[in-house]
Amino acid sequence: MKLSNSIIILMIAVVNISCKRLPIVLNTWSFTNATIKAWDVAYREQRSAIDAVEEGCTVCEVEQCDTDVGYGGSPDEHGETTLDSMIMDGKTMKVGAVAGLRNIKEAISVARRVFEQTKHTLLAGDAATEFAVQMGFKKQSLSTSFNEEVINEWKNRNCQPNYWQNVLPSPEESCGPYKKIESVQESNEIENGMSFVNEQSHDTIGMLVIDINGNIAAGTSTNGLTYKIPGRVGDSPIPGSGAYADNSAGGAVATGDGDIIMRFGASFLGVEFLRNGYRPQQAAEMVIDRINKYYPARSAAILIVDMEGNYGSACQIFRSFPISIYHSELNEVKVETISCRQLEDDTPGSGSFLDANNILLVGAAILYAKIL
(Lines of atoms letter the chains of each structure in order from A and count residues from 1; the text may use other names and numbers.)
(Lines give C-alpha, C1' and ligand atoms only; values in the text may rest on other atoms or scores of the structure.)
Protein backbone atom coordinates (compact mmCIF):
# COMPACT_ATOMS: atom_id res chain seq x y z
CA MET A 1 0.00 0.00 0.00
CA LYS A 2 2.85 2.34 0.79
CA LEU A 3 4.38 1.83 -2.67
CA SER A 4 1.04 2.44 -4.42
CA ASN A 5 0.47 5.74 -2.60
CA SER A 6 4.01 6.84 -3.39
CA ILE A 7 3.48 6.29 -7.11
CA ILE A 8 0.25 8.31 -7.04
CA ILE A 9 1.98 11.18 -5.23
CA LEU A 10 4.83 11.08 -7.72
CA MET A 11 2.48 11.28 -10.71
CA ILE A 12 0.67 14.28 -9.25
CA ALA A 13 3.95 16.06 -8.54
CA VAL A 14 5.23 15.60 -12.10
CA VAL A 15 1.95 16.81 -13.64
CA ASN A 16 2.00 19.93 -11.48
CA ILE A 17 5.58 20.76 -12.47
CA SER A 18 4.68 20.47 -16.17
CA CYS A 19 1.53 22.56 -16.00
CA LYS A 20 3.32 25.46 -14.28
CA ARG A 21 5.15 26.21 -17.53
CA LEU A 22 1.98 27.24 -19.39
CA PRO A 23 1.33 29.58 -21.02
CA ILE A 24 4.62 29.72 -22.85
CA VAL A 25 6.08 31.87 -25.62
CA LEU A 26 9.19 30.92 -27.59
CA ASN A 27 10.75 32.47 -30.65
CA THR A 28 13.88 32.19 -32.73
CA TRP A 29 16.74 34.61 -32.09
CA SER A 30 17.03 37.22 -29.35
CA PHE A 31 14.03 39.25 -30.50
CA THR A 32 12.88 39.78 -26.93
CA ASN A 33 10.48 42.66 -27.57
CA ALA A 34 8.46 40.31 -29.74
CA THR A 35 8.52 37.68 -26.98
CA ILE A 36 7.37 40.17 -24.35
CA LYS A 37 4.48 41.37 -26.51
CA ALA A 38 3.29 37.83 -27.18
CA TRP A 39 3.56 37.04 -23.46
CA ASP A 40 1.48 40.08 -22.54
CA VAL A 41 -1.23 38.93 -24.94
CA ALA A 42 -1.19 35.27 -23.88
CA TYR A 43 -0.72 35.71 -20.12
CA ARG A 44 -1.70 39.16 -18.92
CA GLU A 45 -4.58 39.65 -21.37
CA GLN A 46 -5.37 35.90 -21.47
CA ARG A 47 -6.08 35.97 -25.19
CA SER A 48 -5.55 33.22 -27.72
CA ALA A 49 -2.27 31.78 -28.97
CA ILE A 50 -3.18 33.00 -32.46
CA ASP A 51 -3.53 36.58 -31.17
CA ALA A 52 -0.21 36.31 -29.35
CA VAL A 53 1.66 35.02 -32.39
CA GLU A 54 0.26 37.72 -34.65
CA GLU A 55 1.01 40.58 -32.28
CA GLY A 56 4.42 39.22 -31.31
CA CYS A 57 5.57 38.87 -34.91
CA THR A 58 4.13 42.30 -35.69
CA VAL A 59 6.64 43.83 -33.25
CA CYS A 60 9.49 42.46 -35.36
CA GLU A 61 7.87 43.70 -38.56
CA VAL A 62 7.71 47.21 -37.10
CA GLU A 63 11.17 47.11 -35.52
CA GLN A 64 12.73 45.48 -38.62
CA CYS A 65 14.46 42.90 -36.43
CA ASP A 66 18.05 42.57 -37.67
CA THR A 67 16.74 43.94 -41.03
CA ASP A 68 15.61 40.36 -41.77
CA VAL A 69 11.98 40.93 -40.82
CA GLY A 70 9.68 43.60 -42.19
CA TYR A 71 10.16 46.44 -44.65
CA GLY A 72 13.45 47.95 -45.76
CA GLY A 73 15.68 44.88 -45.66
CA SER A 74 16.91 41.85 -47.64
CA PRO A 75 16.33 43.30 -51.11
CA ASP A 76 16.21 41.00 -54.11
CA GLU A 77 18.40 41.46 -57.19
CA HIS A 78 16.20 44.32 -58.34
CA GLY A 79 16.48 46.08 -54.99
CA GLU A 80 12.91 45.31 -53.93
CA THR A 81 11.82 44.01 -50.53
CA THR A 82 8.99 41.48 -50.47
CA LEU A 83 7.52 39.72 -47.45
CA ASP A 84 6.57 36.15 -46.54
CA SER A 85 4.53 35.16 -43.50
CA MET A 86 2.43 32.36 -42.06
CA ILE A 87 0.20 31.72 -39.06
CA MET A 88 -1.11 28.30 -37.99
CA ASP A 89 -3.64 27.17 -35.39
CA GLY A 90 -2.78 23.83 -33.80
CA LYS A 91 -6.34 23.32 -32.56
CA THR A 92 -8.06 23.49 -35.95
CA MET A 93 -5.03 22.94 -38.25
CA LYS A 94 -6.05 26.05 -40.18
CA VAL A 95 -3.30 28.07 -41.85
CA GLY A 96 -3.08 31.50 -43.44
CA ALA A 97 -0.01 32.58 -45.37
CA VAL A 98 1.33 35.11 -47.86
CA ALA A 99 4.39 34.86 -50.09
CA GLY A 100 6.12 37.51 -52.16
CA LEU A 101 3.84 40.16 -50.65
CA ARG A 102 4.60 43.56 -52.19
CA ASN A 103 3.94 47.07 -50.84
CA ILE A 104 2.18 45.96 -47.63
CA LYS A 105 4.06 46.18 -44.34
CA GLU A 106 1.82 44.05 -42.10
CA ALA A 107 2.61 40.59 -43.48
CA ILE A 108 1.57 38.50 -40.45
CA SER A 109 -1.73 40.36 -40.19
CA VAL A 110 -2.45 39.81 -43.88
CA ALA A 111 -1.68 36.12 -43.33
CA ARG A 112 -4.26 36.12 -40.56
CA ARG A 113 -6.81 37.67 -42.90
CA VAL A 114 -6.15 34.78 -45.29
CA PHE A 115 -6.68 32.50 -42.29
CA GLU A 116 -9.97 34.08 -41.24
CA GLN A 117 -11.53 35.62 -44.35
CA THR A 118 -10.78 32.95 -46.98
CA LYS A 119 -10.94 29.18 -47.44
CA HIS A 120 -7.41 29.24 -48.89
CA THR A 121 -4.08 28.59 -47.21
CA LEU A 122 -1.60 30.72 -49.20
CA LEU A 123 -1.83 33.82 -51.39
CA ALA A 124 1.17 35.11 -53.34
CA GLY A 125 2.58 38.09 -55.22
CA ASP A 126 0.60 41.03 -56.57
CA ALA A 127 -2.67 39.17 -56.01
CA ALA A 128 -1.85 38.89 -52.30
CA THR A 129 -1.31 42.66 -52.26
CA GLU A 130 -4.69 43.19 -53.94
CA PHE A 131 -6.31 40.98 -51.31
CA ALA A 132 -4.62 42.96 -48.52
CA VAL A 133 -5.95 46.24 -49.91
CA GLN A 134 -9.45 44.72 -49.99
CA MET A 135 -8.99 43.84 -46.32
CA GLY A 136 -8.17 47.47 -45.48
CA PHE A 137 -4.37 47.46 -45.49
CA LYS A 138 -2.54 50.45 -46.95
CA LYS A 139 -0.20 50.12 -49.92
CA GLN A 140 3.20 51.68 -49.25
CA SER A 141 6.73 51.13 -50.44
CA LEU A 142 8.79 48.55 -48.55
CA SER A 143 12.05 49.98 -49.85
CA THR A 144 14.35 52.37 -48.01
CA SER A 145 17.71 54.00 -48.65
CA PHE A 146 19.23 50.94 -46.98
CA ASN A 147 17.99 48.80 -49.89
CA GLU A 148 19.78 51.04 -52.38
CA GLU A 149 23.04 50.94 -50.42
CA VAL A 150 22.96 47.15 -50.15
CA ILE A 151 22.29 46.60 -53.85
CA ASN A 152 24.83 49.20 -55.01
CA GLU A 153 27.54 47.58 -52.88
CA TRP A 154 26.52 44.17 -54.23
CA LYS A 155 26.78 45.32 -57.83
CA ASN A 156 30.20 46.80 -57.13
CA ARG A 157 31.25 43.28 -56.08
CA ASN A 158 30.12 41.89 -59.46
CA CYS A 159 26.92 40.72 -57.82
CA GLN A 160 28.62 38.37 -55.36
CA PRO A 161 27.15 36.31 -53.81
CA ASN A 162 24.15 35.29 -55.88
CA TYR A 163 21.90 32.27 -56.37
CA TRP A 164 22.41 31.44 -60.04
CA GLN A 165 23.98 28.29 -61.45
CA ASN A 166 24.34 26.55 -64.82
CA VAL A 167 24.05 29.84 -66.73
CA LEU A 168 26.17 32.08 -68.94
CA PRO A 169 27.99 34.35 -68.39
CA SER A 170 29.49 32.85 -65.25
CA PRO A 171 27.46 33.96 -62.20
CA GLU A 172 30.68 33.86 -60.18
CA GLU A 173 32.07 36.75 -62.19
CA SER A 174 29.14 38.62 -63.68
CA CYS A 175 25.84 40.30 -62.86
CA GLY A 176 24.15 38.95 -65.97
CA PRO A 177 21.69 39.02 -67.63
CA TYR A 178 22.02 35.26 -67.86
CA LYS A 179 20.91 32.56 -70.22
CA LYS A 180 20.82 28.86 -69.54
CA ILE A 181 23.58 26.49 -70.54
CA GLU A 182 22.02 24.23 -73.14
CA SER A 183 23.63 21.05 -71.87
CA VAL A 184 24.00 20.55 -68.13
CA GLN A 185 25.64 17.32 -67.05
CA GLU A 186 23.57 15.51 -64.45
CA SER A 187 25.26 14.75 -61.17
CA ASN A 188 24.40 12.50 -58.25
CA GLU A 189 26.77 14.36 -55.96
CA ILE A 190 25.41 16.03 -52.86
CA GLU A 191 25.30 19.83 -53.11
CA ASN A 192 27.89 20.93 -50.58
CA GLY A 193 28.41 24.63 -51.30
CA MET A 194 28.69 26.85 -48.26
CA SER A 195 25.59 28.69 -47.15
CA PHE A 196 25.30 32.44 -47.71
CA VAL A 197 22.98 32.56 -44.70
CA ASN A 198 24.53 33.54 -41.37
CA GLU A 199 23.52 35.15 -38.08
CA GLN A 200 23.08 38.48 -39.87
CA SER A 201 20.90 37.07 -42.66
CA HIS A 202 18.99 34.25 -41.06
CA ASP A 203 15.76 34.82 -42.89
CA THR A 204 12.97 34.84 -40.28
CA ILE A 205 11.36 35.16 -36.89
CA GLY A 206 9.53 31.99 -35.94
CA MET A 207 7.25 32.04 -32.90
CA LEU A 208 5.43 29.36 -30.87
CA VAL A 209 2.78 30.11 -28.25
CA ILE A 210 0.75 27.79 -26.02
CA ASP A 211 -2.03 29.78 -24.34
CA ILE A 212 -3.80 29.35 -20.99
CA ASN A 213 -6.33 27.01 -22.60
CA GLY A 214 -3.59 24.69 -23.80
CA ASN A 215 -3.88 25.58 -27.49
CA ILE A 216 -0.77 26.05 -29.61
CA ALA A 217 -0.14 28.39 -32.53
CA ALA A 218 2.90 28.99 -34.71
CA GLY A 219 3.89 31.86 -36.96
CA THR A 220 6.67 33.27 -39.09
CA SER A 221 7.54 36.58 -40.71
CA THR A 222 10.47 37.39 -42.98
CA ASN A 223 11.66 39.48 -45.90
CA GLY A 224 13.58 36.52 -47.30
CA LEU A 225 17.14 36.21 -48.51
CA THR A 226 19.22 39.21 -49.50
CA TYR A 227 20.15 39.16 -53.22
CA LYS A 228 17.52 36.49 -53.94
CA ILE A 229 16.30 35.99 -57.49
CA PRO A 230 12.99 37.91 -57.74
CA GLY A 231 10.08 35.56 -57.14
CA ARG A 232 11.97 33.31 -54.74
CA VAL A 233 9.93 32.00 -51.80
CA GLY A 234 11.60 30.22 -48.89
CA ASP A 235 10.37 28.00 -46.10
CA SER A 236 8.72 30.64 -43.91
CA PRO A 237 5.23 30.75 -45.48
CA ILE A 238 5.08 27.01 -46.19
CA PRO A 239 3.17 24.96 -43.59
CA GLY A 240 5.40 22.23 -42.21
CA SER A 241 8.57 23.93 -43.40
CA GLY A 242 8.94 27.27 -41.65
CA ALA A 243 6.46 26.41 -38.91
CA TYR A 244 3.97 23.79 -37.80
CA ALA A 245 1.60 23.38 -34.85
CA ASP A 246 -0.65 20.54 -33.73
CA ASN A 247 -2.45 20.37 -30.39
CA SER A 248 -2.01 16.60 -30.35
CA ALA A 249 1.79 16.80 -30.29
CA GLY A 250 3.37 20.28 -30.18
CA GLY A 251 4.95 22.80 -32.52
CA ALA A 252 8.15 23.73 -34.30
CA VAL A 253 9.69 26.67 -36.15
CA ALA A 254 12.77 26.65 -38.36
CA THR A 255 15.22 29.28 -39.56
CA GLY A 256 18.32 29.43 -41.71
CA ASP A 257 18.74 28.54 -45.37
CA GLY A 258 15.07 28.33 -46.30
CA ASP A 259 15.71 26.75 -49.69
CA ILE A 260 17.23 23.77 -47.88
CA ILE A 261 14.88 23.68 -44.89
CA MET A 262 11.79 23.41 -47.08
CA ARG A 263 13.19 20.34 -48.84
CA PHE A 264 12.83 18.40 -45.59
CA GLY A 265 9.56 19.77 -44.20
CA ALA A 266 11.67 20.46 -41.13
CA SER A 267 8.97 21.76 -38.79
CA PHE A 268 6.49 19.02 -39.66
CA LEU A 269 9.25 16.45 -39.25
CA GLY A 270 10.08 17.77 -35.79
CA VAL A 271 6.46 17.59 -34.64
CA GLU A 272 6.13 14.06 -35.99
CA PHE A 273 9.16 13.04 -33.96
CA LEU A 274 7.31 14.37 -30.89
CA ARG A 275 4.26 12.36 -31.87
CA ASN A 276 6.41 9.24 -32.03
CA GLY A 277 7.53 9.70 -28.45
CA TYR A 278 10.79 11.63 -28.72
CA ARG A 279 11.52 14.50 -26.37
CA PRO A 280 11.82 18.00 -27.87
CA GLN A 281 15.62 18.08 -27.66
CA GLN A 282 15.90 14.66 -29.27
CA ALA A 283 13.45 15.69 -31.99
CA ALA A 284 15.38 18.87 -32.75
CA GLU A 285 18.68 17.02 -33.04
CA MET A 286 17.11 14.39 -35.31
CA VAL A 287 15.82 17.09 -37.68
CA ILE A 288 19.28 18.64 -37.95
CA ASP A 289 20.78 15.17 -38.41
CA ARG A 290 18.45 14.63 -41.38
CA ILE A 291 19.43 17.92 -43.01
CA ASN A 292 23.11 17.42 -42.22
CA LYS A 293 23.18 14.09 -44.04
CA TYR A 294 22.61 15.87 -47.36
CA TYR A 295 23.59 19.50 -46.72
CA PRO A 296 26.26 19.63 -44.00
CA ALA A 297 27.48 23.07 -45.10
CA ARG A 298 24.09 24.81 -45.12
CA SER A 299 22.82 26.76 -42.13
CA ALA A 300 19.73 25.48 -40.35
CA ALA A 301 18.20 25.75 -36.90
CA ILE A 302 15.01 24.46 -35.34
CA LEU A 303 13.05 25.13 -32.15
CA ILE A 304 10.52 22.56 -30.91
CA VAL A 305 8.04 22.56 -28.01
CA ASP A 306 5.69 19.87 -26.74
CA MET A 307 2.24 20.51 -25.28
CA GLU A 308 3.56 20.59 -21.71
CA GLY A 309 5.94 23.43 -22.49
CA ASN A 310 9.11 21.35 -22.70
CA TYR A 311 11.34 22.60 -25.49
CA GLY A 312 14.55 21.83 -27.33
CA SER A 313 16.65 23.31 -30.09
CA ALA A 314 19.43 22.33 -32.47
CA CYS A 315 21.39 23.95 -35.30
CA GLN A 316 24.26 23.72 -37.75
CA ILE A 317 26.73 26.13 -39.42
CA PHE A 318 25.51 29.17 -37.47
CA ARG A 319 28.09 29.91 -34.80
CA SER A 320 25.30 29.97 -32.23
CA PHE A 321 21.53 30.02 -32.08
CA PRO A 322 19.75 32.11 -29.43
CA ILE A 323 16.10 31.57 -28.58
CA SER A 324 13.83 33.80 -26.51
CA ILE A 325 11.53 32.24 -23.90
CA TYR A 326 8.86 33.48 -21.53
CA HIS A 327 6.73 31.16 -19.39
CA SER A 328 4.96 31.20 -16.04
CA GLU A 329 8.03 30.10 -14.07
CA LEU A 330 10.03 33.12 -15.27
CA ASN A 331 9.84 36.68 -13.99
CA GLU A 332 11.14 38.11 -17.27
CA VAL A 333 12.02 37.08 -20.79
CA LYS A 334 15.01 34.77 -21.01
CA VAL A 335 17.46 34.20 -23.87
CA GLU A 336 19.13 30.80 -24.13
CA THR A 337 21.94 30.28 -26.63
CA ILE A 338 23.26 27.00 -27.99
CA SER A 339 26.37 26.34 -30.02
CA CYS A 340 25.87 24.86 -33.48
CA ARG A 341 27.37 21.89 -35.24
CA GLN A 342 30.13 22.84 -37.68
CA LEU A 343 31.51 21.01 -40.68
CA GLU A 344 34.27 19.34 -38.69
CA ASP A 345 31.88 18.32 -35.88
CA ASP A 346 30.81 14.66 -36.09
CA THR A 347 28.67 14.64 -32.97
CA PRO A 348 24.95 14.07 -33.64
CA GLY A 349 22.66 17.07 -33.48
CA SER A 350 23.68 20.01 -31.34
CA GLY A 351 22.38 21.99 -28.43
CA SER A 352 23.91 22.53 -25.05
CA PHE A 353 21.05 23.28 -22.69
CA LEU A 354 19.10 20.62 -20.80
CA ASP A 355 15.49 20.43 -21.95
CA ALA A 356 12.68 20.48 -19.43
CA ASN A 357 11.79 16.83 -19.97
CA ASN A 358 15.22 15.76 -18.75
CA ILE A 359 14.86 18.04 -15.74
CA LEU A 360 11.49 16.47 -14.94
CA LEU A 361 12.86 12.95 -15.20
CA VAL A 362 15.78 13.72 -12.89
CA GLY A 363 13.52 15.53 -10.42
CA ALA A 364 10.95 12.75 -10.46
CA ALA A 365 13.60 10.13 -9.74
CA ILE A 366 14.86 12.09 -6.73
CA LEU A 367 11.32 12.68 -5.45
CA TYR A 368 10.42 9.02 -5.84
CA ALA A 369 13.51 7.94 -3.91
CA LYS A 370 12.70 10.32 -1.05
CA ILE A 371 9.08 9.13 -0.81
CA LEU A 372 10.14 5.50 -0.62
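Under mature numbering (1 follows the signal peptide of the UniProt record, and there is no 0), read the sequence shown as residues -19 to -1, 1 to 353, first letter to last. Note that the Cβ used here is the ideal one computed from N, Cα and C, for glycine as well.
Please identify the residue among Glu36, Thr13, Arg213, Asn312 whose C-alpha is closest to the C-alpha of Pro56.
Taking the first residue of the sequence shown as 1, we reach residue 56 at position 75. Closest option to Pro56, Cα to Cα, is Arg213.
I need the DSSP call for Asp287, collapsed to helix, strand or coil.
Residue mapping note: residue 287 aligns to position 306 of the sequence shown, counting from 1. Strand.
Using only the alpha-carbon positions, how far apart do His59 and Trp135 sit?
Counted from its first residue, the sequence shown places residue 59 at position 78. Counted from its first residue, the sequence shown places residue 135 at position 154. Straight-line Cα distance between these residues: approximately 11 Å.
Should Ile272 go down as buried or exposed, given a rule of 16 or more other Cβ atoms within 10 Å for buried?
Looking up residue 272 in the sequence shown gives position 291. The residue in question, Ile272, is buried, as its Cβ has 16 or more Cβ neighbours within 10 Å.
Is the stretch 156 to 166 close to the stretch 13 to 31, with three or more CB pairs under 8 Å?
Segments in contact, no.
Is Ala278 helix, strand or coil by DSSP?
Working through the sequence shown from its first residue, we reach residue 278 at position 297. Correct three-state label for Ala278: coil.
Could you give the distance in angstroms between the alpha-carbon of Met189 and the alpha-carbon of Arg138?
What you label residue 189 is simply residue 208 of the sequence shown in a count that begins at 1. What you label residue 138 is simply residue 157 of the sequence shown in a count that begins at 1. Looking at the sequence itself, residue 189 is Leu, so the reference to Met does not match. About 39 Å.
Could you give the distance in angstroms between the alpha-carbon of Phe249 and the alpha-carbon of Tyr225?
As a working mapping, residue 249 is identified with position 268 in the sequence shown. As a working mapping, residue 225 is identified with position 244 in the sequence shown. Rounded to whole angstroms, Phe249 to Tyr225 spans 6 Å at the Cα level.
Considering only the alpha carbon of each residue, which of Pro220, Val34, Ala282 lies closest to Ile304?
By one-based count along the sequence shown, residue 304 stands at place 323. Nearest option by C-alpha distance: Ala282.
Please go through the stretch 61 to 139 and give each complete alpha helix (DSSP H) segment of 4 or more residues, from N-terminal end onward.
Here the runs fully enclosed are 88 to 98, 106 to 115, 126 to 137.
Report the residue from Ala278, His308, Asp240 whose alpha carbon sits nearest the alpha carbon of Ser291.
Along the sequence shown, read from residue 1 onward, the residue named residue 291 stands at position 310. Checking the sequence, you will find Asn at residue 291 rather than Ser. Of Ala278, His308, Asp240, the residue nearest in Cα terms is His308.
Report yes or no: do three or more beta-carbon pairs, one from the stretch 194 to 205 and one from the stretch 64 to 78, lie closer than 8 Å?
Contact between the stretch 194 to 205 and the stretch 64 to 78 is present, because at least three Cβ pairs lie under 8 Å.
Taking the beta strand (DSSP E) that Cys296 belongs to, which residues open and close that run?
Position 315 of the sequence shown, counted from the start, is the residue given in the question as residue 296. From DSSP, the beta strand (DSSP E) with Cys296 extends over 292 to 297.
Just checking, does the stretch 33 to 45 make contact with the stretch 84 to 101 on the three C-beta pairs under 8 Å criterion?
Touching, yes, given that three or more Cβ pairs across the two stretches are closer than 8 Å.
At the level of alpha carbons, what is the spacing between Gly239 and Gly223?
For the purposes of this step, residue 239 is taken as the residue at position 258 of the sequence shown. For the purposes of this step, residue 223 is taken as the residue at position 242 of the sequence shown. Cα-Cα distance, rounded: 8 Å.
Can you pull the DSSP bridge partners for Gly232?
Residue numbering aside, residue 232 sits at position 251 when the sequence shown is read from its first letter. Bridge partners of Gly232: Ala226, Val286.
Quick one: grab the DSSP three-state call for Asn14.
The count along the sequence shown starts at 1 and reaches residue 14 at position 33. Asn14: helix per DSSP, three-state reduction.
Measuring alpha carbon to alpha carbon, tell me which residue in Ala109, Asp287, Asp270 is nearest Arg260.
On the sequence shown, position 279 is the one that residue 260 refers to. With distances taken between Cα atoms, Arg260 lies closest to Asp287.
Mapping DSSP to helix, strand and coil, what is Leu255?
Residue mapping note: residue 255 aligns to position 274 of the sequence shown, counting from 1. Leu255: helix per DSSP, three-state reduction.
The alpha helix (DSSP H) that contains Ala33, what's its start and end?
One-based indexing of the sequence shown puts residue 33 at position 52. Residues 30 to 44.
Within the continuous alpha helix (DSSP H) that includes Ile210, where are the two ends?
Your numbering for residue 210 matches position 229 in the sequence shown. Unbroken run through Ile210: none, as it is neither H nor E.
In the DSSP assignment, find the beta strand (DSSP E) that holds Gly239 and state where it starts and stops.
What you label residue 239 is simply residue 258 of the sequence shown in a count that begins at 1. Per DSSP, Gly239 belongs to no beta strand (DSSP E); it is in the alpha helix (DSSP H), 239 to 242.
Hey, out of Pro218, Arg279, Cys38, whose CA is closest to Thr9's CA?
Within the sequence shown, residue 9 is the residue found at index 28, counting from 1. When each option's Cα is compared against that of Thr9, the closest is Cys38.
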